[in-house]
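Student: One structure, as structure tokens, below. Some questions next.
There are 2 protein chains.
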Amino acid sequence: MSFRSGEEVHGEGEAAEMLYRVTSGAVRAFNMRQDGRRQIEGFYLPGDIFGLDVGATHHVSAEATMNNTYVVAIWRSTLEEVAARDASLGREVLQLINLEWRRARYHALLLGQKSAIERIAGFLLDVARRQGSDCVASLPMSRIDIADYLGLTIETVSRTLTQLERERIIAMPSLRQVRIVNRSALIAWDV
Amino acid sequence: MSFRSGEEVHGEGEAAEMLYRVTSGAVRAFNMRQDGRRQIEGFYLPGDIFGLDVGATHHVSAEATMNNTYVVAIWRSTLEEVAARDASLGREVLQLINLEWRRARYHALLLGQKSAIERIAGFLLDVARRQGSDCVASLPMSRIDIADYLGLTIETVSRTLTQLERERIIAMPSLRQVRIVNRSALIAWDV
DNA sequence: CGGGTTTTTGAACACCGTCAAGGAAGGTGG
DNA sequence: CCACCTTCCTTGACGGTGTTCAAAAACCCG
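Which chain is which? The protein sequence lines are A and B, in order.
Residues in the first sequence are numbered from 1 upward in steps of one, following the working numbering.
Residues in the second sequence are numbered from 192 upward in steps of one, following the working numbering.
The following block contains the structure:
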């Protein structure tokens, strides 16, 4: 399946009938408030699996963060049939739920306790790591997305990135490319 | 099992061999950072079940928040034996994981998007509701615990409670008793 | 090349955190 | 039961971090 930026993969409250894996682009999972404020709970990058909410319905909406986002989908029922024959698959799903949970708790810690620069530093390191790189993070999402994920405003995100660039800790060859120049300094911020 | 304030029920990283249910008092689940900052992920009140981390080990530490906290424990293995015969039990456990997850997401939204007064208002309503009351929340935890749960400082928690009291939205007959006087005003803050 | 969106930058302000001190509550021992 | 002590909570003043509002700059895409 192919999505353009902002297109919905699944909506909050919908029946959770499928699992998805990102093959290119990225997906944001989020909750919306009545007044329009949005909390992005997580991003899914190529290789990541999402949509495995426990229970019958999705707890979050999922949208593509950019054009040319590709996703492969599999029916839950199919998965369950296979899992019935192959116990290792069931264990793998549990592992994924486990990982998801771990991320959610880390996210709460980030939102509850960290300063702007700590949030940005941690975010960059996380993205780079998940992309299998030590020194480059390519950000497949807008500043607004980053802000709504980190519980900041776009202005603060922008300012903090600029500050890190001025301090020669990162370099930004383009808007969505971050090169990690001084990795240990970044890690020092990611308490 | 009986616990005094601050005593540990289970530690982060320990083997998750048991499930627990609070019968009186309360329990806090939290993660600690190297620098001593603490994020409380949730409170468990009488009737609540905790310790059902997915996977083999606990992801959080759990401590009693006050003296005379009583908890009943059951071995996971026992539970699994029973669940093997009774599928409805397995569904109930899934429901609990579901609820836990829902709370975690709500918590992230709270920490990422809400002001101090919104956090306090929502917290009071949540505690009252879980205690089966419309107009009284009895807080079985210290101000520090509330602060570390809401991502605030104790001073801000205290000031915000005082402000709500001055505005006749709540009354505090004692430190840990909050009477909800103007419920709709409180709900208006809990966007 | 041009129009619209996204990002950056600046200035002023607000909210919350920090530091400090005083006050209330609860537990302990005489 | 009361005095004492410790711990927890409240209140005040101040400062810093991040938000808000506004405008300029950069980027993207047709």
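All C-beta atoms in this analysis are idealised placements derived from N, C-alpha and C, irrespective of residue type, glycine included.
Pull up the distance between the alpha-carbon of residue 274 of chain B and that of residue 212 of chain B, whole angstroms please.
Tutor: Translated into positions along the second sequence, residue 274 of chain B becomes position 83. Translated into positions along the second sequence, residue 212 of chain B becomes position 21. So the alpha carbons of these two residues sit roughly 17 Å apart.
Student: How would you list, in chain order, the residues of chain B whose beta-carbon sits under 8 Å from the beta-carbon of residue 104 of chain A?
Tutor: Along the first sequence, one-based indexing puts residue 104 of chain A at 104. Ordered by position in chain B, the residues that pass the 8 Å Cβ test against residue 104 of chain A are 292, 295, 296, 299.
Student: Would you say residue 208 of chain B lies against chain A (beta-carbon separation less than 8 Å)?
Tutor: Numbered from its first residue, the second sequence carries residue 208 of chain B at position 17. For residue 208 of chain B, the answer is no, since every Cβ of chain A falls outside 8 Å of its Cβ.
Student: Over the uninterrupted beta strand (DSSP E) stretch that includes residue 61 of chain A, give me the two end residues.
Tutor: Stepping through the first sequence from its first residue, residue 61 of chain A is reached at position 61. First-last of the beta strand (DSSP E) with residue 61 of chain A: 61-64.
Student: Could you check whether residue 288 of chain B and residue 348 of chain B sit closer than 8 Å to each other, using their CB atoms as the reference points?
Tutor: The sequence position of residue 348 of chain B within the second sequence is 157, counting from 1. The sequence position of residue 288 of chain B within the second sequence is 97, counting from 1. Contact flag unset, no.
Student: Residue ranges of each beta strand (DSSP E) run of no fewer than 3 residues wholly in the stretch 95-161 of chain A, ordered along the chain?
Tutor: Listed in chain order, the complete beta strand (DSSP E) runs (minimum 3 residues) inside the stretch 95-161 of chain A are 136-138.
Student: Does the beta-carbon of residue 100 of chain A have 16 or more other beta-carbons within 10 angstroms, so that it is buried, or is it exposed?
Tutor: As a working note, residue 100 of chain A is residue 100 in the first sequence. The residue in question, residue 100 of chain A, is buried, as its Cβ has 16 or more Cβ neighbours within 10 Å.
Student: According to the Cβ coordinates, are residue 331 of chain B and residue 216 of chain B closer than 8 Å?
Tutor: Locating residue 331 of chain B in the second sequence gives position 140, where the first residue counts as 1. Locating residue 216 of chain B in the second sequence gives position 25, where the first residue counts as 1. For residue 331 of chain B and residue 216 of chain B, yes; Cβs fall inside 8 Å.
Student: Where does residue 368 of chain B fall in DSSP's three states?
Tutor: In the second sequence, residue 368 of chain B corresponds to position 177, counting from 1. Reduced to three states, the DSSP call for residue 368 of chain B is strand.
Student: Which residues does DSSP list as the beta-bridge partners of residue 222 of chain B?
Tutor: Here the question's residue 222 of chain B lines up with position 31 in the second sequence. For residue 222 of chain B, which the question treats as bridged, DSSP gives the partners B:230.
Student: Considering only residues of the same chain and omitting the five flanking positions on each side of residue 342 of chain B, which have a CB-CB separation below 6 Å?
Tutor: Residue mapping note: residue 342 of chain B aligns to position 151 of the second sequence, counting from 1. 302, listed in sequence order.
Student: With respect to the alpha helix (DSSP H) encompassing residue 359 of chain B, which residues constitute its N-terminal and C-terminal limits?
Tutor: Translated into positions along the second sequence, residue 359 of chain B becomes position 168. Unbroken run through residue 359 of chain B: none, as it is neither H nor E.
Student: Check whether the stretch 293-301 of chain B touches the stretch 201-210 of chain B, counting contact only when three or more Cβ pairs, one atom from each stretch, lie closer than 8 Å.
Tutor: In short, these stretches do not touch, since the Cβ pair count stays below three.
Student: Since residue 77 of chain A is in the alpha helix (DSSP H), which residue starts that stretch and which ends it?
Tutor: Residue mapping note: residue 77 of chain A aligns to position 77 of the first sequence, counting from 1. Residues 76-85.
Student: When Cβ atoms are compared, which residues of the stretch 238-255 of chain B fall closer than 8 Å to chain A?
Tutor: From the stretch 238-255 of chain B, only 244, 245, 246, 250, 251 have a Cβ closer than 8 Å to chain A.
Student: For residue 95 of chain A versus residue 138 of chain A, is the C-beta spacing smaller than 8 Å?
Tutor: Counting from 1 along the first sequence, the entry for residue 95 of chain A is found at position 95. Counting from 1 along the first sequence, the entry for residue 138 of chain A is found at position 138. No, the pair does not count as a contact, with Cβ atoms beyond the cut-off.
Student: Mind listing the chain A neighbours of residue 303 of chain B? Cutoff is C-beta to C-beta under 7 Å, in chain order.
Tutor: Counting from one through the second sequence, the residue named residue 303 of chain B turns up at place 112. Within 7 Å Cβ-Cβ: 39, 111, 151.
Student: For residue 186 of chain A, report the span of its alpha helix (DSSP H) as first-last.
Tutor: Start at 1 with the first residue of the first sequence, and residue 186 of chain A comes out as number 186. Note, residue 186 of chain A: alpha helix (DSSP H), 183-189.
Student: Consider the C-beta atom of residue 261 of chain B and the heavy atoms of the ligand ADP; say whether any pair is separated by less than 7 Å.
Tutor: For the ligand ADP, the structure offers nothing, since it holds no ligand at all.
Student: Which bits of chain B does residue 34 of chain A rub up against, with CB to CB less than 9 Å?
Tutor: Here residue 34 of chain A corresponds to residue number 34 of the first sequence, with the count starting at 1. Chain B residues near residue 34 of chain A: 382.
Student: Residue 186 of chain A versus chain B: which residues are under 8 Å apart at the beta carbon?
Tutor: In the first sequence, counting from the first residue as 1, residue 186 of chain A sits at position 186. Ordered by position in chain B, no residue passes the 8 Å Cβ test against residue 186 of chain A, which lies about 16 Å from the chain.
Student: Given a cut-off of 8 Å on the beta-carbon distance, is the pair residue 194 of chain B and residue 220 of chain B in contact?
Tutor: On the second sequence, residue 194 of chain B is found 3 positions in, with the first residue counted as 1. On the second sequence, residue 220 of chain B is found 29 positions in, with the first residue counted as 1. Not in contact: residue 194 of chain B and residue 220 of chain B (Cβ atoms no closer than 8 Å).
Student: Excluding the 5 residues preceding and the 5 following residue 130 of chain A in the sequence, name in chain order all residues of the same chain whose CB lies nearer than 7 Å to its CB.
Tutor: Taking the first sequence and counting its residues from 1, the one referred to as residue 130 of chain A is at position 130. Result list for residue 130 of chain A: 45, in chain order.
Student: Nearest to residue 271 of chain B by alpha carbon, out of B:350, B:366, B:243, B:223?
Tutor: Looking up residue 271 of chain B in the second sequence gives position 80. Measuring from the Cα of residue 271 of chain B, the nearest candidate turns out to be B:243.
Student: Apply the 10 Å Cβ neighbour rule to residue 73 of chain A and answer buried if 16 or more other Cβ atoms are within range, or exposed otherwise.
Tutor: To locate residue 73 of chain A, count along the first sequence from 1; it is residue 73. That one is exposed.
Student: For my contact list, residue 116 of chain A and residue 160 of chain A are in at a C-beta cut-off of 8 Å; report their separation, rounded to the angstrom.
Tutor: Counting from 1 along the first sequence, the entry for residue 116 of chain A is found at position 116. Counting from 1 along the first sequence, the entry for residue 160 of chain A is found at position 160. Contact flag correct, Cβ pair sits at about 5 Å.
Student: Anything in chain A within Cβ reach of residue 285 of chain B, meaning under 9 Å, just list it in chain order.
Tutor: As a working mapping, residue 285 of chain B is identified with position 94 in the second sequence. The answer, in chain order, is 54, 55.
Student: According to DSSP, is residue 245 of chain B helix, strand or coil?
Tutor: In the second sequence, the residue the question calls residue 245 of chain B occupies position 54. The answer is coil: DSSP assigns residue 245 of chain B none of H, G, I, E or B.
Student: Assign residue 162 of chain A to buried or exposed, taking buried as 16 or more other Cβ atoms, counted over all protein chains shown, within 10 Å of its Cβ.
Tutor: Here residue 162 of chain A refers to the residue found at position 162 when the first sequence is read from its first residue. Exposed, because fewer than 16 other Cβ atoms sit within 10 Å of the Cβ of residue 162 of chain A.
Student: Nearest chain B C-beta to residue 68 of chain A closer than 8 Å, yes or no?
Tutor: On the first sequence, position 68 is the one that residue 68 of chain A refers to. It does not; no Cβ of chain B falls within 8 Å.
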